[in-house]
Amino acid sequence: MFALPLLIGLPIVIVTGLLDWMAYSPQFGQSIPSDVGFLRLPFFEWPVSPSWLFRLTEGLHIGLGMILVPVVLAKLWSVIPKLFTGPPKGPVRALERLSLVLLVGGILFEIVTGLLNIQYDYVFGFSFYLAHFVGAWVFIAAFVLHVLLKLPTMVRSLRSRSLVRELRTPLSATVPEPPDVHGLVAPDPDPPTMTRRGALALVGGGALFVAAITLGQTLGGRLRPTALLLPRGRTTAPDSTEAGGPNDFPVNRTFVASGIAAAAITDGWALTLNGGPSPVRLERADLAAMPQHTAELPIACVEGWSSTQTWTGVRLRDLAVAAGVPEPASAVVRSVEVGPFARAQLTQAQVLAPDSLLAMQVNGAELSRDHGYPARVIVPALPGVHNTKWVVIIEFRRV
Ligand SMILES: Nc1nc2c(c(=O)[nH]1)N[C@H]1C(S)=C(S)[C@@H](COP(=O)(O)O)O[C@H]1N2
Ligand SMILES: [Mo]
C-alpha cells in the first residue's frame, strides 16, 4: 500500500537530487562534494533555459522529499521488526538483510541530513554535502536491489485485493495479513486497532499536511505565508522597512550577517572588469548609463525556497564586450564579501544568455542592501547561491 508511492516518488527525489549536483557546474569544481571519484556521472552543461529549470528540480527534490517522509516512516514501521530477527540463514538471506540495513539506514540518514540543512544555515559546513551525497549512493544501491527483490511481492499484494473494498472495510472485519514467505508479517499479531483505511488516511493526511505547510516556499506569491516550517523562506519581518515594498521577498543572508563594512558598498564602490587588454572600472553612474534590460527571473535556493522577481540591470554579455572579451569561455564573479559566497564561476552560456544580468534594480526600485546593493548577478536557471550579491569584480576568461 505504501510501496507504490515510494516506488514512483523516490526515483524522482533521487534523479532531481543528482541533477541539482550537476547544476552547480562540476567542471569548475563548484559542485559539493567536488571530487566524487568513481561516482562522477557523465557530465553535461546545465542549461539556461527554461529559467525555472533549477526551481523545478530543486523544488521537486526538497518538496517531494519532505512530503514522502510520513510514507517512508509508515513503511519502515513494517520493516523494522525484520531487522531484529536473529542472525540471517545463508548468504542470500544475509545479503537481503544487509540491503535492508543499508536501505533503512540510508533513507533515514538522507532525511535527517537533508532536513537539518534546510532548517539550519549550513550547520555541517562542507561535510554535510559529502555525507548527503555518499549517503544517497548507498541508498540508491540498496533501493535498486530492494525493488528488484520485492517488485513481484508488491504487484501480487496490490492485485490480491480491491482498494475500494479495502477502504470500505470496518475495523470489526479487518483481518491481519496472512503469513508470507519473507516473514515480514507478524506471526502472532494482536487484534487490529485500526482499519487499513485508517492507516491510509493517517499517513496520507500526514503527507498532505507536510505538503500544505511547505509548498508555499516553492510556489511563492500569496502562498508563501503558508510555509510554516521554513526559517528563511517566508517574508521579510513585518516590522522591516522593506515590508510590503519592492524588496520584500526572502533574503538568504542579510547585509549585516555578511559582515561587509557599510563603506565598501557606498562611496568608493566601483565595478572592475578583468580579463581584457586592461582592467575596466565602472562606477554606478557608468553602469546606469549603459543599456538596461529587464527580466523576470527566479531565485531558487538549495534550501528549497524560491521566489520570482522582476530584475533590471546591465546584461552580462554587454559587460563582456565592455571588458574587451565578447565571447568569454567563462566568467568569475567576486563579491565584496569574504568566505564561501565570495566567488562564483559562470559558463559561457550563462554569461551570454540575453536575460543574464548584473542587476541594480528589482521590481522597479533600487536593490536593498539585503538583496545585494549596489549590484548582484541574476542568471536564468542558475542555482540561487551562484547569484552573487554585492558584486565588485567580474573576470571574463578566454579559456
Ligand atoms: N555575496 C553573497 N551572495 C549571495 C549570498 C550570500 O550570502 N552572499 N547568498 C546566496 C544564496 S545561498 C541565495 S539563495 C541567493 C539569495 O538571494 P536573496 O538573499 O537576494 O534572496 O543569493 C546568493 N548570493
Ligand atoms: Mo541559497
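In terms of this note's numbering, the sequence shown has 101 at position 111, counting the first letter as 1, and numbering is strictly consecutive.
Every residue, glycine too, gets a C-beta built ideally from N, C-alpha and C.
Predicted model only: the values in this text are computed from it and were never measured.
Identity of the residue in the options nearest residue i by Cα
| i | options | result |
| --- | --- | --- |
| V292 | A278, L(-4) and L46 | L46 |
| H(-5) | L148, S41, E35 and E327 | A small fix is needed here, since residue -5 is Pro in this sequence, not His. Comparing Cα positions, the closest option is L148. |
| T298 | L141, L287 and D360 | L287 |
| L161 | A310, G329, F33 and G188 | G188 |
| T183 | V193, A197 and P166 | P166 |
| G265 | H136, R214, V304 and G314 | G314 |
| A(-7) | V137, D10, A84 and I108 | V137 |
| R83 | W295, V246, A247 and L139 | L139 |
| L106 | F118, L135 and G95 | F118 |
| D178 | P71, W295, V381 and G95 | P71 |
| V134 | M12, P1 and T216 | P1 |
| V381 | M56, L348, F99 and W36 | L348 |
| V38 | L50, Y14, P23 and I22 | Y14 |
| W295 | I52, I22, W67 and S68 | I52 |
| V62 | R186, A121 and G(-1) | G(-1) |
| L141 | L190, M(-9) and V270 | M(-9) |
| A126 | S152, W42 and G95 | G95 |
| V246 | D360, G55 and L190 | D360 |
Contact test: residue i Cβ vs ligand 1 heavy atom, cutoff 7 Å
| i | result |
| --- | --- |
| L72 | Per the sequence presented here, residue 72 reads as Lys, with Leu not at that position. Answer for K72: no, Cβ out of range of ligand 1. |
| N107 | no |
| I384 | no |
Environment of residue i [buried if 16+ CB atoms lie within 10 Å]
| i | result |
| --- | --- |
| P168 | exposed |
| V91 | exposed |
| V113 | Residue placement at V113 cannot be trusted, given a pLDDT of 49 that sits under 50; what the coordinates show is reported in the next sentence. Classification for V113: exposed. |
| R146 | exposed |
| D180 | exposed |
| P240 | buried |
| N377 | buried |
Any non-hydrogen atom of ligand 2 within 7 Å of residue i CB
| i | result |
| --- | --- |
| L237 | Before going further, note that residue 237 is Asn rather than Leu in the sequence given. N237 Cβ: outside cutoff for every heavy atom of ligand 2. |
| V375 | yes |
| E293 | yes |
| N264 | no |
One or two residues paired with residue i in a DSSP bridge
| i | result |
| --- | --- |
| R333 | R324 |
| V367 | L348 |
| W301 | A285 and V352 |
| I384 | L263 and V323 |
I'd like to know if the segment 23 to 35 and the segment 65 to 80 are in contact, where contact means that at least 3 CB-CB pairs between them fall below 8 Å.
no
At least 3 beta-carbon pairs within less than 8 Å: the segment -1 to 7 vs the segment 357 to 371
no
Measuring CB atoms only, is the segment 340 to 348 touching the segment 303 to 320, in the sense that at least three cross pairs come out at less than 8 Å?
Result yes; three or more Cβ-Cβ pairs closer than 8 Å.
Is the segment 314 to 327 touching the segment 240 to 258, taking contact as three or more C-beta pairs under 8 Å?
yes
Within the chosen definition, does the segment 10 to 23 reach the segment 152 to 161 through at least 3 CB pairs nearer than 8 Å?
no
Quick check: the segment 376 to 388 against the segment 330 to 341, are at least 3 beta-carbon pairs closer than 8 Å?
The segment 330 to 341 vs the segment 376 to 388: in contact.
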